[in-house]
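Count along the sequence shown from 1, add 28, and you get the number used in the working numbering.
Backbone N, C-alpha and C define an ideal beta-carbon position, used for all residues, glycine too.
What follows is a set of notes on a single structure, which appears directly below.
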Amino acid sequence: MTSKLVAFIIGAGSNVGDSVAQILLKQNYKVALGSRNPKRDNVPEGLYPFSIDVTKPESIKPAFDKVTADVGPPNIVIFNAATFERSNLEDPLSLPFSGFSRDHAVTASFYLAAQEALSSFRSPVHKDSVKAFIVTGNLLAFIPAAASEATRFGLGLQKRSEAYLTELFHNVYGKEGIRFHYAHLVSSEGGIPPYADFLKSGPAHAKAYARLINAEAPKSWDYRFTKDGEKYAPKQ
């Protein structure tokens, strides 16, 4: 019998996206891989490449429509996309509005992706399926807007908006059994992890996301994990 389980990974790159796709394949999911320039040659069975560009919000609905038509309505959506234009450390307002708008477009795409995901989650096909929307986050959503972070304020803006909306959606749609999670890698002390750890964090993200998806009861909307994929536990 063909599985009705479908995951749509938006921002399906070689680190987090690839690792999450592989773990979901093992759990009998058909996995739609969304990226700006999807590879269509020699694609392994169970993986389906689709075009999507989070800097162009108008691409979101057509991508969901095509995934639904070609693979099925997704019951799992992973929003693993982010982009930002570096600004001047001493003068963040020197960033051209075109760069600011491009960064802000990702937030609009996040909202539209959540909107489309909700429609898919409510499909009769997934009446008894787990339904989860997981965004790959980071600590920029929670730390003060320090001057040292001025070069990447566009990313911070994205993550703060995504965290706020994820908490809101988690609280509103949880009563329908729909899970919204802002999941992010932290250091063993709970801070921003070394960038080198993030570059090889695909397996950790996959392990954490699988735990969120397969948990009998929904976990917290703000889910923090360490480089071994285990839930972060503050030291007493």
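- Judged by beta-carbon spacing, Ala191 lies within the 9 Å limit of Asp250, meaning their Cβ atoms are closer than that value.
- Remark: C-beta atoms of Phe107 and Phe138 approach each other more closely than 9 Å.
- A straight-line Cα-Cα distance of about 27 Å links Ser215 and Ile104.
- Burial state of Ala110 is buried, judged by a 10 Å Cβ sphere holding 16 or more other Cβ atoms.
- Counting only the Cα atoms, Gly230 lies some 7 Å from Asp46.
- Distance from the CA atom of Phe197 to the CA atom of Leu240, rounded to whole angstroms, is 16 Å.
- Looking from the CA of Gly182, the closest CA among Ile88, Asn43, Pro120 belongs to Pro120.
- Counting the other CB atoms within 10 Å of its CB gives Asp81 a total of 16 or more, which places it among the buried residues.
- At the C-beta level, Ala60 and Pro77 come within 9 Å of one another.
- Short of 6 Å from the beta carbon of Ala145, and not among the five residues preceding or following it, lie these beta carbons of its own chain, in chain order: Val105, Phe161.
- Scanning its chain for C-beta atoms nearer than 6 Å, with the 5 sequence neighbours on each side dropped, one finds around Tyr237 the residues Val48, Ile162, in chain order.
- When the Cα atoms are used, Gly202 and Phe208 turn out to be separated by approximately 8 Å.
- Per DSSP, reduced to three states, the secondary structure at Phe208 is strand.
- The Cβ atoms of Arg180 and Arg114 sit closer than 9 Å to each other.
- In the three-state scheme derived from DSSP, where H, G and I count as helix and E and B as strand, Val48 is classed as helix.
- Rounded to whole angstroms, the separation of the alpha carbons of His233 and Gly257 is 6 Å.
- Where Thr164 is concerned, the enclosing beta strand (DSSP E) starts and stops at 159-164.
- 9 Å or more divides the Cβ of Ala211 from the Cβ of Phe170.
- Within the same chain, Cβ atoms closer than 6 Å to the Cβ of Leu123 are found at Ser115, the five residues on either side in sequence being excluded.
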